[in-house]
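Peer 1: Chains R and B are the protein sequences, given in the same order. According to the numbering used here, the first sequence is numbered sequentially starting from 3. According to the numbering used here, the second sequence is numbered sequentially starting from 275. Got a structure for you, written out below as C-alpha cells; questions coming shortly.
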Amino acid sequence: MSTSNLIEIKDLHVRMGEQTILNGVSLHVPSGGIVTVLGSNGVGKTTLMRAVSGVYRSTSGSIRFDGTEITNWPSHRIVAAGLAQAPEGRQIFSSMTIAENLRIGGVGLTPQEVAEEEEKQLQRFSILRDRYRQKAGTLSGGEQQMLCIARALMCRPKLLLMDEPSLGLAPKIVRQIFDLISLIRSEGHSVLLVEQNARAALRVADYAYVMDGGRIAIEGSSADLANDARVRAAYLGGHAA
Amino acid sequence: MFDVFFVQQLVNGLSIGLIYALMAIGFTLIFGVLNVVNFAHGEVYMIGAFAGLLAITQLAPPLFAVILVALAFGALAGFGLERIAFRPFRRFRDEASLKSKAIREATLLSSLAVSIIVRELAEKIFGSNMQSIPQEYLLLKPIEIGPLSFANGQFLIFGLSIVMLGGLQWLLKHTRVGLSIRAVANNPMGAAYVGINTERTIIATFVIGSTLGAIAGLIVGLYQGAIFPAMGFAPGVKAFVAMVMGGLSSIGGAVVCALILGMAEAITTSFFAQGWGDLVAYLFLVITLVFFPTGLFGGGRERV
Chain R
3 MSTSNLIEIK DLHVRMGEQT ILNGVSLHVP SGGIVTVLGS NGVGKTTLMR AVSGVYRSTS
63 GSIRFDGTEI TNWPSHRIVA AGLAQAPEGR QIFSSMTIAE NLRIGGVGLT PQEVAEEEEK
123 QLQRFSILRD RYRQKAGTLS GGEQQMLCIA RALMCRPKLL LMDEPSLGLA PKIVRQIFDL
183 ISLIRSEGHS VLLVEQNARA ALRVADYAYV MDGGRIAIEG SSADLANDAR VRAAYLGGHA
243 A
Chain B
275 MFDVFFVQQL VNGLSIGLIY ALMAIGFTLI FGVLNVVNFA HGEVYMIGAF AGLLAITQLA
335 PPLFAVILVA LAFGALAGFG LERIAFRPFR RFRDEASLKS KAIREATLLS SLAVSIIVRE
395 LAEKIFGSNM QSIPQEYLLL KPIEIGPLSF ANGQFLIFGL SIVMLGGLQW LLKHTRVGLS
455 IRAVANNPMG AAYVGINTER TIIATFVIGS TLGAIAGLIV GLYQGAIFPA MGFAPGVKAF
515 VAMVMGGLSS IGGAVVCALI LGMAEAITTS FFAQGWGDLV AYLFLVITLV FFPTGLFGGG
575 RERV
C-alpha cells in the first residue's frame, strides 16, 4: 500500500506459553481512516490490540507506526509516540477522581497542554464535568467508557485503538459511542476499532478485517464486507464459510 | 485534675506512633504498587541512622544537614533494594506475572535475604553494640511546659512527621510521580495503557518510602540514643502490624493504626513492666487477623 499508512502491522505472531494466539496478522490503517477488526470471541482481537500497545510482547512480525518501527517497545514509549488505546474493560482508575484520571491520561504533556486538552474533553463529555471531583468507580458503565475514551484522547494521539467500546452498554449509549468515533476522526485522529457489534462497526469504518483463529480471514472495504455472504453469516454467530 | 505522668506517656506514645507511621507508609506504598511486602524496610531505617551518625562523627554538621544525609542514603538504599531484590523477579508486561504468587514469594524471600545480609554486614563493620553518639546531637534536651516535661526530640518528631505526611499527601495528589504511583497501585493494566512508565514509578515508590524510613531511623536513633545494626527489627515489626491493621494498602489506615499502636504501647508500659509494650503490637495483630481479616480500614479495597 501507499506510504500514507499510519500503522502497518506485518505477519504479527503472539505466543503465550504453548498457545499461539496470533498466527500472522497483517493489517494497516491509513492516515485519517477508521478501520475495524471484527470476529467472534476468542479469535485474538484483544491480543492483537494489546500487542500493538506494547502490553503483550509479540514473538515475531513487525509493527511500524508513523514511519518508526515500534515492535515490542514498552507501552509508555508507544503512547508517547502517539498511539493511545481505550482498552477492553475500560481499565479506568476507579479509586481516583475523574479529574485525576484525565490528568493521568496526559502524563506526557506540559501542564498547560493538559489544561487545554482537559477542557476540550470536558466540553465533549459534559457528564465528566458534572462529576469532576467524584471517584471514577462511581460512574455508570457508559460514563466509564466515556471517561476511558476521554482519558485516551488526553495525550493527543495520532491513532486511537478502541477495544469493544460498546460492550455491555445500552443501545442508546452505543449509538452515542459510534457517533463519537466519527467525530474523533473528523478531529484528525485515526481509529482502529475492535468490535463485536459488526453492523454498527461496518457503518462507521472505511475498511474492515475479519479475524478467525488468530489470523485475518477476510478483508475489504466496509461496503463490500457488509454485502459479503460469509460476513453476513458471521454476523449471526456462525463461522465464515 | 489530670495525671501528669499519664499525659506525658500519651505524648510519648504519640511520638513513637508517628515514627511507626512513617515506617508503615513505606510498607504501604510498596505493597500498594507491587502487592509485595518489603522485608528489608527495617534495614533502610537502620541505614538512615548509621548514615546520619557517620556524618556526625566525620563532619559534625548542623542537624539539618545530618537529616539531609539520612534522606540521601535512604533514597539510595531504596533504589538499590529495588534493583537487587525486586526487579530481577519482575516481568511486568502481562497480567499473569502481575498476579503471580511465585513472584510475590520470591521477592518476599529476596528482600528478607537482603535484610539479613545488610544487618550482618553492619554488625561486621560496626559491631553489634550500640554506637556512641556525640552528646550535642542527642535529642533529649528537656523542655518544660507547666508541670510537663518533653524532650526536644519529641518536637522534632512531631514537626518532621507532620511535614513529611503532609508532603506525601501533596505529592500523591498533585504531582506527576504521585499520580503515577496511585494509578499503578489502583490499576496496573490501566497504567500501562495510558503510558505511565511503570518501572520508573516503582523505583520512585521505593525511593520515597525508603526516604521516610531512613529519616525515621535517624531521629529515633538520636532521640532514644540507640543506634545499632539490629535497631530496625522491632519498629519494622510494629510498622508491619500497623500496615496489616490498616488494611494493607491504605495510607490513612496505616497512619491511624500506627498512632493507636504507639499510644497503646506507651499506656501499657505505664501500667506494666517495659517488656509488655511489645506484646501489645502482637496482640493487636492477632486480634486484627482473627476479627478483621481485611484490616480495620481495608473493607473497600481502597488503595494508596
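For each residue, glycine too, the CB sits at the ideal point set by N, CA and C. None of these values were measured; they are calculated from a predicted model.
(1) Closest to B:T568 by CA distance: which of B:V529, B:M517, B:W550 is it?
(2) Out of curiosity, what's the CA-to-CA distance linking B:I534 and B:N461?
(3) Whole angstroms are fine: how far does the CA of B:T302 sit from the CA of B:S523?
(4) Residues bridged to R:N7 by DSSP?
(5) With C-beta atoms as the reference, is R:G190 less than 8 Å away from R:I23?
(6) Please confirm if R:S223 has its CB atom under 8 Å from at least one CB of chain B.
(7) In terms of DSSP beta bridges, what is R:R17 paired with?
(8) Looking only at C-alpha atoms, which of B:D277, B:F429, B:V311, B:G401 sits nearest to B:I493?
(9) For the segment 100-130 of chain R, which residues have a beta carbon sitting closer than 7 Å to at least one beta carbon of chain B?
(10) Is the CB of B:R378 under 8 Å away from at least one CB in chain R?
(11) Apart from the five residues just before and just after R:Y134, which ones in its own chain have a Cβ nearer than 6 Å to its Cβ?
(12) Cβ atoms of B:V515 and B:F558: under 8 Å apart, would you say?
(13) Does any residue of chain B have a CB that is nearer than 8 Å to the CB of R:F95?
(14) Measuring alpha carbon to alpha carbon, tell me which residue in B:V481, B:R456, B:A547 is nearest B:G322.
(15) Assuming B:P509 is part of the alpha helix (DSSP H), what are its boundary residues?
(16) Among R:E20, R:D230, R:H78, R:Y211, whose alpha-carbon lies nearest the alpha-carbon of B:M463?
(17) Taking Cβ to Cβ, would you say R:A138 is nearer than 8 Å to R:I80?
(18) Please report the distance separating the alpha-carbon of B:E410 from that of B:L328.
(19) Hey, how far is the Cα of R:N25 from the Cα of B:R393?
(20) Terminal residues of the continuous alpha helix (DSSP H) containing B:V307?
(21) Taking contact to mean at least 3 C-beta pairs separated by less than 8 Å, is the segment 117-135 of chain R in contact with the segment 46-61 of chain R?
(22) Does B:V529 have its Cβ less than 8 Å from a Cβ in chain R?
(23) List the residues of chain B that R:H78 touches, going by C-beta distances under 7 Å, in chain order.
(24) What did DSSP end up calling R:A242 once you bin it into helix, strand or coil?
(25) When the Cα of B:A465 is compared with those of B:V307, B:F279, B:I299, B:I419, which residue comes out closest?
(26) With distances taken between CB atoms, is the gap from R:L8 to R:Y211 smaller than 8 Å?
(27) Which residue or residues does DSSP assign as beta-bridge partners of B:F502?
(28) Does the beta carbon of R:N98 come closer than 8 Å to any beta carbon on chain B?
(29) Where does R:L71 land, buried or exposed, given buried means 16+ other C-beta within 10 angstroms?
(30) Which residues in chain R have a C-beta closer than 7 Å to the C-beta of B:Y464? List them in chain order.
(31) Check whether the Cβ atoms of B:G526 and R:C157 sit closer than 8 Å, and answer yes or no.
(32) Which of the three DSSP states is assigned to R:R217 in this structure?
(33) Check distances from the C-beta atoms of the segment 520-547 of chain B to those of chain R and list, in chain order, the residues that come in under 7 Å.
(34) Between the segment 37-45 of chain R and the segment 115-126 of chain R, can you find at least three pairs of beta-carbon atoms closer than 8 Å?
(35) Closer than 9 Å, Cβ to any Cβ of chain R: which residues of the segment 434-457 of chain B, in chain order?
(36) Output, in sequence order along the chain, the residues in the segment 309-325 of chain B whose CB is closer than 7 Å to any CB in chain R.
Peer 2: This is what the structure holds:
(1) The residue you call residue 568 of chain B lines up with position 294 of the second sequence. When only C-alpha atoms are compared, the closest one is B:M517.
(2) Position 260 of the second sequence, counted from the first residue, corresponds to residue 534 of chain B. Position 187 of the second sequence, counted from the first residue, corresponds to residue 461 of chain B. Put simply, the backbone Cα of B:I534 is about 30 Å away from that of B:N461.
(3) Mapped onto the second sequence, residue 523 of chain B falls at position 249. Mapped onto the second sequence, residue 302 of chain B falls at position 28. Straight-line Cα distance between these residues: approximately 5 Å.
(4) Within the first sequence, numbered from 1, the residue matching residue 7 of chain R stands at position 5. Looking at the DSSP assignment, R:N7 forms a beta bridge with R:P32.
(5) Against the first sequence, residue 190 of chain R aligns to sequence position 188. Against the first sequence, residue 23 of chain R aligns to sequence position 21. Annotated as distal: R:G190 and R:I23, with beta-carbon spacing of 8 Å or more.
(6) Taking the first residue of the first sequence as 1, we reach residue 223 of chain R at position 221. Not a single CB atom of chain B sits nearer than 8 Å to the CB of R:S223.
(7) Residue mapping note: residue 17 of chain R aligns to position 15 of the first sequence, counting from 1. R:R17 is bridged to R:T22.
(8) Walking along the second sequence from the start, residue 493 of chain B turns up at place 219. The shortest C-alpha separation from B:I493 is found at B:F429.
(9) So the list reads E102, R105, I106, G107, V109, G110, given in the order they occur along the chain.
(10) Within the second sequence, numbered from 1, the residue matching residue 378 of chain B stands at position 104. No, no contact with chain R.
(11) For the purposes of this step, residue 134 of chain R is taken as the residue at position 132 of the first sequence. The residues I100, A101, in chain order, have a CB closer than 6 Å to that of R:Y134 in the same chain once the five nearest residues on each side in sequence are set aside.
(12) Taking the second sequence and counting its residues from 1, the one referred to as residue 558 of chain B is at position 284. Taking the second sequence and counting its residues from 1, the one referred to as residue 515 of chain B is at position 241. Inclusion of B:F558 and B:V515 in the CB contact set at 8 Å is warranted, their separation being smaller than that value.
(13) Here residue 95 of chain R refers to the residue found at position 93 of the first sequence. Taking Cβ atoms only, chain B reaches closer than 8 Å to R:F95, which makes this a yes.
(14) One-based indexing of the second sequence puts residue 322 of chain B at position 48. Looking at the Cα atoms, B:V481 is the closest of the given residues.
(15) For the purposes of this step, residue 509 of chain B is identified with residue 235 of the second sequence, where counting begins at 1. Run containing B:P509: 507-519, per the alpha helix (DSSP H) assignment.
(16) Position 189 of the second sequence, counted from the start, is the residue given in the question as residue 463 of chain B. Ranking the options by Cα distance to B:M463, first place goes to R:H78.
(17) Here the question's residue 138 of chain R lines up with position 136 in the first sequence. Here the question's residue 80 of chain R lines up with position 78 in the first sequence. Going by C-beta atoms, R:A138 is not nearer than 8 Å to R:I80.
(18) Taking the second sequence and counting its residues from 1, the one referred to as residue 410 of chain B is at position 136. Taking the second sequence and counting its residues from 1, the one referred to as residue 328 of chain B is at position 54. Using only the alpha carbons, I get a separation of about 15 Å.
(19) Taking the first residue of the first sequence as 1, we reach residue 25 of chain R at position 23. Taking the first residue of the second sequence as 1, we reach residue 393 of chain B at position 119. Each residue's Cα considered, the two are about 52 Å apart.
(20) Position 33 of the second sequence, counted from the start, is the residue given in the question as residue 307 of chain B. 278-308 is the span of the alpha helix (DSSP H), which, as asked, contains B:V307.
(21) Not touching, per the Cβ criterion.
(22) Working through the second sequence from its first residue, we reach residue 529 of chain B at position 255. Between B:V529 and chain R, the shortest Cβ-Cβ separation is not below 8 Å.
(23) The count along the first sequence starts at 1 and reaches residue 78 of chain R at position 76. Under a criterion of Cβ atoms nearer than 7 Å, the residues of chain B adjacent to R:H78 are, in order, G469, I470, N471.
(24) Here residue 242 of chain R refers to the residue found at position 240 of the first sequence. With a pLDDT of 40 at R:A242, under the threshold of 50, the predicted position of this residue should be treated as unreliable, and no value is reported.
(25) Reading the second sequence from its first residue, position 191 is the one you call residue 465 of chain B. Looking at the Cα atoms, B:V307 is the closest of the given residues.
(26) Along the first sequence, one-based indexing puts residue 8 of chain R at 6. Along the first sequence, one-based indexing puts residue 211 of chain R at 209. In this structure, R:L8 sits away from R:Y211, with a CB-CB distance that is not shorter than 8 Å.
(27) On the second sequence, residue 502 of chain B is found 228 positions in, with the first residue counted as 1. The partner list for B:F502 (beta bridge, DSSP) is empty, contrary to what the question assumes.
(28) Here the question's residue 98 of chain R lines up with position 96 in the first sequence. Before going further, note that residue 98 of chain R is Met rather than Asn in the sequence given. Judged by the 8 Å Cβ criterion, R:M98 is in contact with chain B.
(29) Numbered from its first residue, the first sequence carries residue 71 of chain R at position 69. The sequence as given places Glu at residue 71 of chain R; Leu does not occur at that position. That one is exposed.
(30) As a first step, residue 464 of chain B must be located in the second sequence, where it is residue number 190. A quick correction: the sequence has Gly, not Tyr, at residue 464 of chain B. When 7 Å is used as the limit between beta carbons, B:G464 is near these residues of chain R: Q93, I94, F95, in chain order.
(31) Your numbering for residue 526 of chain B matches position 252 in the second sequence. Your numbering for residue 157 of chain R matches position 155 in the first sequence. No, they are not a contact pair.
(32) By 1-based counting over the first sequence, the position of residue 217 of chain R is 215. Secondary structure of R:R217 (DSSP, three-state): strand.
(33) The residues in question: there are none.
(34) Contact between the segment 115-126 of chain R and the segment 37-45 of chain R is not established, with fewer than three Cβ pairs separated by less than 8 Å.
(35) Cβ contacts with chain R: K447, R450, L453, S454, R456, A457.
(36) Cβ contacts with chain R: none found.
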